[in-house]
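Written below as structure tokens is the structure these notes are about.
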Amino acid sequence: MASSTKNQELIDVVFTWSIYDVLNKDLYENKVKKIPERFSSSTDYTKSFIEPLIEETHADLLSNMNILSRASTRAINVASQTKDNKFPKDYLYSISLKEKTKSENYEPEVGDLIVLTDVKPIRVNYLNPFIIASVQRVNNNTIQVKSPKPVSFPSQLLQKACKSMFVVHLMNLTTNSRIWQALHSSLDGKNMKLIDKVLQSDSRGNQGCSICSIEDTKKSVSPNLQKAMCTFNLNASQEIAVWSCIAARECSHQETINLIWGPPGTGKTKTVGCLLLALWKMKCCTLTCAPTNNAVLEVAARFLSLVTGSLEYDTYGFGDIVVFGNGKRMKIDGIQELSQVFLENRVSDLAACLSPTSGWRSMAESMICLLKSPEDEYSLYLHDERMVDDDEDSDDEDILHAIGVKRMKNKDNTLSLREYITKRFKVLEEKLITMVRNLYTHMPTSFVTLQLAKKMIRVISLVQLVGISVIQPFSISEETVIISTELLVMKEFLQTVKELLCETVYFPTFTDDQEIGNFCLRNACSVFCTASSSIRLHTLETNVELLVVDEAGQLRECESVIPLQLSGLRDVVLIGDERQLPATVKSKISANAEFGRSLLERLVSLKHTTHLLDVQYRMHPMISLFPNKEFYGKMLRDGPNVKENCYTKQFLEGDMFGSYSFIHLAHGKVEFDRTKSRRNMVEVAVIVELVAKLHKESVEKNEKISVGCIAPYKAQVTAIQNQLGDNYQTSDAGFSVKVGTVDGFQGCEEDVIIISTVTGVGNGSLGFLATPQRANVALTRARHCLWILGNGDTLKYSSPIWKRLVEDANDRGCYHVGHQDRCLGRLMKVDEDGCLSNQIAAMSLTGEAGSSSSSSSWLGKNHGKY
Numbered sequence: 001m002a003s004s005t006k007n008q009e010l011i012d013v014v015f016t017w018s019i020y021d022v023l024n025k026d027l028y029e030n031k032v033k034k035i036p037e038r039f040s041s042s043t044d045y046t047k048s049f050i051e052p053l054i055e056e057t058h059a060d061l062l063s064n065m066n067i068l069s070r071a072s073t074r075a076i077n078v079a080s081q082t083k084d085n086k087f088p089k090d091y092l093y094s095i096s097l098k099e100k101t102k103s104e105n106y107e108p109e110v111g112d113l114i115v116l117t118d119v120k121p122i123r124v125n126y127l128n129p130f131i132i133a134s135v136q137r138v139n140n141n142t143i144q145v146k147s148p149k150p151v152s153f154p155s156q157l158l159q160k161a162c163k164s165m166f167v168v169h170l171m172n173l174t175t176n177s178r179i180w181q182a183l184h185s186s187l188d189g190k191n192m193k194l195i196d197k198v199l200q201s202d203s204r205g206n207q208g209c210s211i212c213s214i215e216d217t218k219k220s221v222s223p224n225l226q227k228a229m230c231t232f233n234l235n236a237s238q239e240i241a242v243w244s245c246i247a248a249r250e251c252s253h254q255e256t257i258n259l260i261w262g263p264p265g266t267g268k269t270k271t272v273g274c275l276l277l278a279l280w281k282m283k284c285c286t287l288t289c290a291p292t293n294n295a296v297l298e299v300a301a302r303f304l305s306l307v308t309g310s311l312e313y314d315t316y317g318f319g320d321i322v323v324f325g326n327g328k329r330m331k332i333d334g335i336q337e338l339s340q341v342f343l344e345n346r347v348s349d350l351a352a353c354l355s356p357t358s359g360w361r362s363m364a365e366s367m368i369c370l371l372k373s374p375e376d377e378y379s380l381y382l383h384d385e386r387m388v389d390d391d392e393d394s395d396d397e398d399i400l401h402a403i404g405v406k407r408m409k410n411k412d413n414t415l416s417l418r419e420y421i422t423k424r425f426k427v428l429e430e431k432l433i434t435m436v437r438n439l440y441t442h443m444p445t446s447f448v449t450l451q452l453a454k455k456m457i458r459v460i461s462l463v464q465l466v467g468i469s470v471i472q473p474f475s476i477s478e479e480t481v482i483i484s485t486e487l488l489v490m491k492e493f494l495q496t497v498k499e500l501l502c503e504t505v506y507f508p509t510f511t512d513d514q515e516i517g518n519f520c521l522r523n524a525c526s527v528f529c530t531a532s533s534s535i536r537l538h539t540l541e542t543n544v545e546l547l548v549v550d551e552a553g554q555l556r557e558c559e560s561v562i563p564l565q566l567s568g569l570r571d572v573v574l575i576g577d578e579r580q581l582p583a584t585v586k587s588k589i590s591a592n593a594e595f596g597r598s599l600l601e602r603l604v605s606l607k608h609t610t611h612l613l614d615v616q617y618r619m620h621p622m623i624s625l626f627p628n629k630e631f632y633g634k635m636l637r638d639g640p641n642v643k644e645n646c647y648t649k650q651f652l653e654g655d656m657f658g659s660y661s662f663i664h665l666a667h668g669k670v671e672f673d674r675t676k677s678r679r680n681m682v683e684v685a686v687i688v689e690l691v692a693k694l695h696k697e698s699v700e701k702n703e704k705i706s707v708g709c710i711a712p713y714k715a716q717v718t719a720i721q722n723q724l725g726d727n728y729q730t731s732d733a734g735f736s737v738k739v740g741t742v743d744g745f746q747g748c749e750e751d752v753i754i755i756s757t758v759t760g761v762g763n764g765s766l767g768f769l770a771t772p773q774r775a776n777v778a779l780t781r782a783r784h785c786l787w788i789l790g791n792g793d794t795l796k797y798s799s800p801i802w803k804r805l806v807e808d809a810n811d812r813g814c815y816h817v818g819h820q821d822r823c824l825g826r827l828m829k830v831d832e833d834g835c836l837s838n839q840i841a842a843m844s845l846t847g848e849a850g851s852s853s854s855s856s857s858w859l860g861k862n863h864g865k866y
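Residues in the sequence shown are numbered consecutively from 1, following full-length UniProt numbering.
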């Protein structure tokens, strides 16, 4: 590792930058070297990523400084200097922020890089002096920040409210700081073997075990796993991929790295879900990582759906599964099926269950008291009523014998014995059922055995039976409680609860939520998080033995170093497609140094053995033909489902709108918005027209149609969104439209995909879309119809890939001239100055077109002009 950074944190490096350093895009140009394909040592390996990481952090900060006027801000209420032994060389401040407003809505997070300023900055020169700080802690509206130099707050700000200073958010350093920490950690112990594997200094990482075979593994695994594998309905390539990973896990002779190559539509998600379920059934402690929160949630949801279908006893077994990360960024509250395995929710539920004063034990003991001595409980209730009558202002809840009494009292009309027993039972029943269910749901199976879980489930059914057969027909006079004849139910319930209380259940004692969370992670069998978040596991004594990286082609290799260092890790499975989009890298310097390259891509380039999923089930054969030939060397086969006649959809009339079309738009020009992003308003008008026609067909034929509109530039995406407005947001559920960039569509699929290439007359540069990975993603999102819009003549000279696509479409009879369609022809009638394009562009800025249901309605009013 670089000696200059050995004892530093990433934030320490950032703190050395002056405002002039930040604005100097060439600051690290001569310091960043290309990352090699092979490495001589682990030190050489980690060191190669450090300077590119610094440069990427610098480029990200510079990018945000260039859009400073859009940065989120928050006014400072009170500030004061503090001390912390962790940061002896830095200046620490406690800052209380004012309440959020519409214009000042910054929501602080740990790891945020901020600027402290006395004015809301519109340009960089407003930041004079340049006072930078890092958020260390967040507690509601109060944050602790550290700065490399003292901050001169106005004197009145130290005592009372002041409007003269603001916090301005620049970026969050958390992920890069975690990578930095992993790159500077000492690599020793068991994890060294896997790091050696990925170095690929020789052929060791490419050799499988000569002793253990897939066939032997199939015979040796449990009958339950064999049966489960048969029910997965995997094709041959998927089955081989899964069994090879299982065989590697069962092998005790060496550590392994398995690569599963999943091109578009080949069932990668299904394959990884089945693999994870198999590992879960084998009780293999597995960590599953992905580059983004969305990718983590997708693979976790797939796995959980398979687990749910295999559970025999309600939710018993979920305690072995944990998803963790930033709940706000994950938007976990909107995903009900994952809420039961999300760590924060689990910690909250277990904390309530295990509370010594109001937890499950307290509920169980209160229920026993109520059922065994109802009259005594009622007497306590009446005593409480009298106490309240004597002192109406008394809120001393210590006089309550059990939870729930006070909520049921009615000072104006004291409950009768019958009312009290019934209501009290219902309160305790609801709480006891919830807590017992949470215990067998959230506790790891190593602490709640199957026998114990069955007993807990029986308690729930018994308490429900008691409520139905005993409490509901309560035969109670005002003086005497007469329990119904269902004494056997009552007796079994009381006996089972007593066993739980006295004989069977012993859970650890926790002092805080952090301890509960660590307990859940240490004892989990299947853990899901981003690669960056996995750094939390480094400080815990986990039993993780196998790492699965989903969407591995999108994960920078330096980030994969974080989970690779977990002690005890024996095997790694990388699943993805290096021929789709890699990780985003903002710095051209870092990009040229291969900083965005994934471990998967590097190992593939070194001829590491790869298991190819070779059957695609998404695209109509007319759509898959070109990308299969262009990007996958004709290695993919079309699945039987896409070959069926019913898979051919003709949503609109005419050969131009078949399964696959290139639609040549002879007119239209490329324009640039204020951010230098490109748009072509004629292509926008055509897309709006096609979407309107598809919507009409969907409504008239009551046919479900999902449409995706893909463009390589944000300006084009914005223009399309502006023209579509919200016309299809509230339409019937059978029709949906999604508009986004190529990058935003990776992993998505729709019935109809319309690609706007944003090409015009005489514009020979295709920009982003010229890269093979982006072209691949754009061309492989459609299920039934793919319509590509652009100027064919321009595309021929813009990129080798698109030249071949245009020629291929022409050879196959799929090349169509747009103005030959009557309706599209009207859209492309322009005068010599290109009035249509200019008029639509103006409407895009004013928002006028957004009120129209389609471009044709606007053109109808203006047909005579063009």
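Even glycine gets a Cβ: it sits at the ideal position worked out from N, Cα and C.
Where the alpha helix (DSSP H) through residue i begins and ends
i: residue 876; result: Outside the displayed span of the chain (1 to 866) sits residue 876, for which this structure offers no information.
i: Asn-776; result: 772-779
i: Lys-629; result: 621-631
Cβ-Cβ separation, residue j to residue i (assumed contact under 8 Å), whole Å
i: Ser-756; j: Ile-663; result: Contact doesn't hold; Cβ gap of about 10 Å is too wide.
i: Ile-11; j: Ser-177; result: 7 Å
i: Glu-551; j: Gly-568; result: Not really, about 24 Å apart at Cβ, beyond 8 Å.
Per-residue DSSP class, three states only, for residue i
i: Lys-738; result: strand
i: Asp-673; result: coil
i: Gln-464; result: helix
i: Glu-559; result: helix
i: Ile-19; result: helix
i: Leu-789; result: strand
i: Ile-260; result: strand
i: Gln-226; result: helix
i: Val-341; result: coil
i: Asp-333; result: helix
i: Arg-579; result: coil
i: Thr-174; result: helix
i: Ser-837; result: Because the pLDDT at Ser-837 is just 46, under 50, the model does not fix this residue reliably, and the value given afterwards should be weighed accordingly. The answer is helix: DSSP assigns Ser-837 an H, G or I state.
i: Tyr-815; result: strand
i: Ser-851; result: Interpretation of Ser-851 is limited by its pLDDT of 35, a score under 50 that renders its predicted location unreliable; no figure is taken from the coordinates.
i: Leu-613; result: coil
i: Gln-451; result: helix
Alpha carbon of residue i to alpha carbon of residue j, nearest angstrom
i: Glu-344; j: Ala-775; result: 40 Å
i: Leu-311; j: Cys-274; result: 15 Å
i: Ser-799; j: Ala-770; result: 6 Å
i: Pro-621; j: Arg-579; result: 20 Å
i: Lys-281; j: Asn-543; result: 16 Å
i: Leu-324; j: Ile-754; result: Residue 324 is actually Phe in this sequence, not Leu. Cα-Cα distance, rounded: 36 Å.
i: Ser-80; j: Gln-136; result: 15 Å
i: Leu-574; j: Gly-553; result: 8 Å
i: Val-115; j: Ile-132; result: 5 Å
i: Val-737; j: Val-585; result: 29 Å
i: Lys-47; j: Thr-530; result: 23 Å
Beta strand (DSSP E) segment containing residue i, residue limits
i: Tyr-420; result: Not the beta strand (DSSP E): Tyr-420 falls in the alpha helix (DSSP H), residues 417-442.
i: Thr-271; result: It is not in any beta strand (DSSP E) - Thr-271 instead sits in the alpha helix (DSSP H) that spans 268-281.
i: Tyr-93; result: 91-97
i: Ala-79; result: 73-82
i: His-58; result: First-last for His-58: 42-66, but that is the alpha helix (DSSP H), not the beta strand (DSSP E).
i: Glu-750; result: 750-756
i: Val-548; result: 546-549
Inspect the CB distances between the stretch 100-112 and the stretch 54-67 and report whether three or more fall short of 8 Å. no
Are the stretch 739-750 and the stretch 704-716 touching, with three or more C-beta to C-beta distances below 8 Å? yes
Spell out a yes or no on whether the stretch 324-334 and the stretch 415-433 are touching, meaning 3 or more CB-CB pairs, one atom from each, closer than 8 Å. no
Validate contact between the stretch 82-91 and the stretch 612-631 using beta carbons, cut 8 Å, 3 pairs: no
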